[in-house]
Amino acid sequence: MEKTKTKTTKYLPTTNYQLSTNKGFTLINILIASFIFLVVFLGVVEALKVSINLTAHNKARVGALALTNERMEFIRSLSFANIGTQGGLPAGDIPQQETIVLNGITYLREIIIDNVDAPEDGLGVDDENSIPADYKRMKVKTSWTIQGTTKTVSLVSDVVPPGIETNDGGGSIVMNVFNQIGEAVTNAEITIVNPSIIPPVSITRTMNDNGVFLLSGPAAGNYQVSVTKTGYSTSSTYGTTTEIVTPTPEHFLILEGNVKSKSFQIDKVSSKTIQSYTFATANTWVDFFDHTDKLWVTATTTIESGALVLQDDVGSYYPSGYAQSISVSHPKLYEWQEFQWNHATSSETVIIYQVLYNTGSDWAPIPNADLPNNETGFSISPINLSSLDIATYSEIRLLTTLTTTDASSTPEVYDWSVSYLASPILPNFDFNMRGNGNNDDITKIMGQDAVGNPVYKYNEDLQTDFGGEILLSNLEWDDYLITNSTSTTGLAIAISCPPQPLELSPDARATTSLYMTPYTDEALVVAVRNVGGVLLDGAEVRLYRTGYDETKKTYCGQSFFPNLSKTTYSVDVSLDGYTPQTLNNIAVDGPSSATTVVLN
Numbered sequence: 035m036e037k038t039k040t041k042t043t044k045y046l047p048t049t050n051y052q053l054s055t056n057k058g059f060t061l062i063n064i065l066i067a068s069f070i071f072l073v074v075f076l077g078v079v080e081a082l083k084v085s086i087n088l089t090a091h092n093k094a095r096v097g098a099l100a101l102t103n104e105r106m107e108f109i110r111s112l113s114f115a116n117i118g119t120q121g122g123l124p125a126g127d128i129p130q131q132e133t134i135v136l137n138g139i140t141y142l143r144e145i146i147i148d149n150v151d152a153p154e155d156g157l158g159v160d161d162e163n164s165i166p167a168d169y170k171r172m173k174v175k176t177s178w179t180i181q182g183t184t185k186t187v188s189l190v191s192d193v194v195p196p197g198i199e200t201n202d203g204g205g206s207i208v209m210n211v212f213n214q215i216g217e218a219v220t221n222a223e224i225t226i227v228n229p230s231i232i233p234p235v236s237i238t239r240t241m242n243d244n245g246v247f248l249l250s251g252p253a254a255g256n257y258q259v260s261v262t263k264t265g266y267s268t269s270s271t272y273g274t275t276t277e278i279v280t281p282t283p284e285h286f287l288i289l290e291g292n293v294k295s296k297s298f299q300i301d302k303v304s305s306k307t308i309q310s311y312t313f314a315t316a317n318t319w320v321d322f323f324d325h326t327d328k329l330w331v332t333a334t335t336t337i338e339s340g341a342l343v344l345q346d347d348v349g350s351y352y353p354s355g356y357a358q359s360i361s362v363s364h365p366k367l368y369e370w371q372e373f374q375w376n377h378a379t380s381s382e383t384v385i386i387y388q389v390l391y392n393t394g395s396d397w398a399p400i401p402n403a404d405l406p407n408n409e410t411g412f413s414i415s416p417i418n419l420s421s422l423d424i425a426t427y428s429e430i431r432l433l434t435t436l437t438t439t440d441a442s443s444t445p446e447v448y449d450w451s452v453s454y455l456a457s458p459i460l461p462n463f464d465f466n467m468r469g470n471g472n473n474d475d476i477t478k479i480m481g482q483d484a485v486g487n488p489v490y491k492y493n494e495d496l497q498t499d500f501g502g503e504i505l506l507s508n509l510e511w512d513d514y515l516i517t518n519s520t521s522t523t524g525l526a527i528a529i530s531c532p533p534q535p536l537e538l539s540p541d542a543r544a545t546t547s548l549y550m551t552p553y554t555d556e557a558l559v560v561a562v563r564n565v566g567g568v569l570l571d572g573a574e575v576r577l578y579r580t581g582y583d584e585t586k587k588t589y590c591g592q593s594f595f596p597n598l599s600k601t602t603y604s605v606d607v608s609l610d611g612y613t614p615q616t617l618n619n620i621a622v623d624g625p626s627s628a629t630t631v632v633l634n
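Read in order, the letters of the sequence shown correspond to residues 35 to 634 in my numbering.
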């Protein structure tokens, strides 16, 4: 059998290659790497900076300790009588401050030496031997500054007299500092000055945690004292000047061997914003229907040729439609006055008007209880809005509904308007504000002038800015009174909100609004309060006499009546929820007459 030969084809070996997908570094990779490098670099730099500063401060500290020790040892080497500072108490030849350069570093070295009253023999005026200066306390403080950072080292040491303590021919005074309610003020700063003695005295010290500082051993004489603290008011003694003939309190008179006690009052400072307005000027909001800018919403109505009309629906008018105005308001609204309009109707057309208020979720007609017939609507202009409470109805909208029974005829509204009284900003108003508004706090004056008038601690001529406002900071608690020059401005304060004098408490932020009006020789402000003293808004105040009868509502709890006669009036006051009150024989005598009515 013949064998069949099979032919075999041989192929060369095949090698598979895969293309690399690595396209190199992307921009994001570079940014991330740069960020990491920057963070590491800045960290190293900051660590190096901290290390350098630490080394520098450590070096400076060694020098400061040496300077502090050197001065302390020098002081301790002196006799007890010679331990004192130039201008200090106790007095001596040691400078209170000196600047020293050591190893290229500038140091400030301060020396504080005080007499100390030990409790073992009684404190202050209760000291058994009437000499509170029992021993001396010395403090040496050395400070330096590197790269904006200041550091300090200090040493304190006490030294007792070799025998019985003495005032060295001087006297003593124990000073206390309290806040407004009589609590001790801790760590207040007290400054004592007397340039008239030899050597002169000028020291500043920190009072202790109980608000007490002992001044012991100074030479007899008058000492000026001032007490304050960061963020607090300042209480001082005063000397005689051309303005202050009789100072109150006057500088302390220290007599040899006497021990006195004196108290000061300071407290946290406050601020007050004063705003100036022109009182209750006439304003009018009006829409002449020459565009739609003053319409909030409309339905099947349109504006044509300066009138609001029904829309034309392919040759015939819609049977009804309405339009609602945008809101009418003013941030210093005093009184709504009238709602009026001009329109044209025919026997086939009707127009009804209503006044809306914001219910919180919608706009609805003001209830008939506050505006009679408003829920059904008005058709005869004008409508008196003066009875509306501006607190409840601080903003309103107008609504008109147009109807027709003739498809070829439409009613037309030509304009509608709301008049009201409001108080616009009064820019650049000049006034004076002084403290002790009730003239019953002697601590708020510096004394009396040559004719016996008080010289007030705070008495400044001021002016509001273009926006009718000025912020006064760092004010002491007080009762402040604001006045203005009527001859210069021609204006008088109609209403101050809150009323004057303006009580300002410590650490308070208060605002006072002044409402100015043209000056009149005779005017009256009637304030209405409840039995708790709270001012009542919206009360009706009727002022009357023969030939005069005027009724106004209170604004900020007050009603202002200008252009009166110099005589007596009666006043009736009423407010829902209170018992009406009547006062008779209210005297009007001048432009600032005032009375208060209390409602139960």
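C-beta atoms are modelled at their ideal positions from N, C-alpha and C, and glycine is treated no differently. Quantities reported herein were computed from a predicted structural model and do not represent experimental measurements.
Exercise. Tell me whether L112 sits in a helix, a strand or coil according to DSSP, three-state version.
Key: Start at 1 with the first residue of the sequence shown, and residue 112 comes out as number 78. Coil at L112, not helix or strand.
Quiz item: In this structure, does DSSP put A90 in helix, strand or coil?
Solution: Residue numbering aside, residue 90 sits at position 56 when the sequence shown is read from its first letter. In the three-state reduction of the DSSP assignment, A90 falls in the helix class.
Quiz item: So T335 packs on V343, CB below 8 Å; how close in whole Å?
Solution: Against the sequence shown, residue 335 aligns to sequence position 301. Against the sequence shown, residue 343 aligns to sequence position 309. So it is a contact: roughly 7 Å between Cβ atoms.
Quiz item: Just the Cα atoms here: how many angstroms apart are I231 and N473?
Solution: As a first step, residue 231 must be located in the sequence shown, where it is residue number 197. As a first step, residue 473 must be located in the sequence shown, where it is residue number 439. Using only the alpha carbons, I get a separation of about 36 Å.
Quiz item: Would you call the CB atoms of S305 and R543 closer than 8 Å?
Solution: As a working mapping, residue 305 is identified with position 271 in the sequence shown. As a working mapping, residue 543 is identified with position 509 in the sequence shown. Contact flag set, yes.
Quiz item: Going by alpha carbons, who is nearest to A526 out of G624, P252, V320?
Solution: Residue numbering aside, residue 526 sits at position 492 when the sequence shown is read from its first letter. It is G624.
Exercise. For I198, I'd like the list of residues in its chain whose CB is within less than 6 Å of its CB, leaving aside the five on either flank, ordered along the chain.
Key: Position 164 of the sequence shown holds residue 198. Note on I198: pLDDT 46, under 50, position unreliable in the model; no value is reported.
Exercise. Please list, in chain order, all residues of the same chain as L558 whose beta carbon is under 8 Å from its beta carbon, the five residues on each side excluded.
Key: Along the sequence shown, one-based indexing puts residue 558 at 524. Once the five neighbours on either side are set aside, the close Cβ partners of L558 are L577, F594, F595, L598, Y603, I620, V622, S627, A628, T629.
Quiz item: Taking 8 Å as the CB-CB cut-off, is T282 touching chain D?
Solution: This model lacks chain D altogether; it includes just one protein chain.
Quiz item: How should S457 be labelled, buried or exposed, when 16 other C-beta atoms within 10 angstroms of its C-beta is the threshold for buried?
Solution: Here residue 457 refers to the residue found at position 423 of the sequence shown. Buried: at least 16 other Cβ atoms inside 10 Å.
Exercise. State the DSSP-derived secondary structure class of S68, mapped to helix, strand or coil.
Key: Looking up residue 68 in the sequence shown gives position 34. Correct three-state label for S68: helix.
Exercise. Please look up how many angstroms separate the CB atoms of L455 and G502, rounded, as I've assumed it's under 8 Å.
Key: Against the sequence shown, residue 455 aligns to sequence position 421. Against the sequence shown, residue 502 aligns to sequence position 468. No, L455 and G502 are not in contact; Cβ-Cβ is about 18 Å, not under 8 Å.
Quiz item: Near N87, what residues of its chain come up, given a Cβ to Cβ distance below 8 Å and the 5 sequence neighbours on each side ignored?
Solution: Numbered from its first residue, the sequence shown carries residue 87 at position 53. Counting only Cβ-Cβ distances below 8 Å, and skipping sequence neighbours, we find I180, Q181, T183.
Quiz item: When burial is assigned at 16 or more other CB atoms within 10 Å of the CB, is H377 buried or exposed?
Solution: What you label residue 377 is simply residue 343 of the sequence shown in a count that begins at 1. That one is buried.
Exercise. Kindly give me the distance between the Cβ atoms of D151 and L248, rounded to whole angstroms, as I take these residues to be in contact under 8 Å.
Key: The residue you call residue 151 lines up with position 117 of the sequence shown. The residue you call residue 248 lines up with position 214 of the sequence shown. The beta-carbon separation of D151 and L248, rounded to 5 Å, stays under the 8 Å limit for a contact.
Quiz item: What does DSSP give as the partner residues of W33 in its beta bridges?
Solution: The question about residue 33 has no answer, for the chain in this structure spans 35 to 634.
Quiz item: With a Cβ-Cβ cutoff of 8 Å, do D423 and G572 count as a contact?
Solution: Within the sequence shown, numbered from 1, the residue matching residue 423 stands at position 389. Within the sequence shown, numbered from 1, the residue matching residue 572 stands at position 538. Yes, the pair counts as a contact, with Cβ atoms nearer than the cut-off.
Quiz prompt | alpha helix (DSSP H) segment containing S521, residue limits | solution = As a first step, residue 521 must be located in the sequence shown, where it is residue number 487. For S521, the enclosing alpha helix (DSSP H) covers residues 520-523.
Quiz item: When DSSP labels each residue in this structure, what does N470 get in the three-state scheme?
Solution: The count along the sequence shown starts at 1 and reaches residue 470 at position 436. Here N470 sits in coil by DSSP.
Quiz item: Are the segment 360-368 and the segment 405-415 in contact at 8 Å, needing three or more beta carbon pairs?
Solution: Cβ pair count under 8 Å is below three, so no.
Quiz item: Shortest alpha-carbon distance to G481 belongs to which of A441, T437, K175, T276?
Solution: Position 447 of the sequence shown, counted from the first residue, corresponds to residue 481. It is T276.
Practice problem: On the DSSP bridge assignment, give the partners of Q258 in chain order. | Solution: Walking along the sequence shown from the start, residue 258 turns up at place 224. Answer is V227.
Quiz prompt | According to DSSP, residues forming a beta bridge with T335 | solution = Here residue 335 corresponds to residue number 301 of the sequence shown, with the count starting at 1. Paired residue(s): L344.
Practice problem: Measure the alpha-carbon distance for E537 versus T332 and round it to whole angstroms. | Solution: Mapped onto the sequence shown, residue 537 falls at position 503. Mapped onto the sequence shown, residue 332 falls at position 298. C-alpha separation (whole angstroms): 51 Å.
Quiz item: In whole angstroms, what separates the C-alpha of S521 from that of F298?
Solution: By 1-based counting over the sequence shown, the position of residue 521 is 487. By 1-based counting over the sequence shown, the position of residue 298 is 264. Straight through space, the alpha carbons of F298 and S521 are spaced by roughly 40 Å.
Practice problem: Using DSSP bridges, identify the partner residues of W375. | Solution: Translated into positions along the sequence shown, residue 375 becomes position 341. Paired residue(s): W450.
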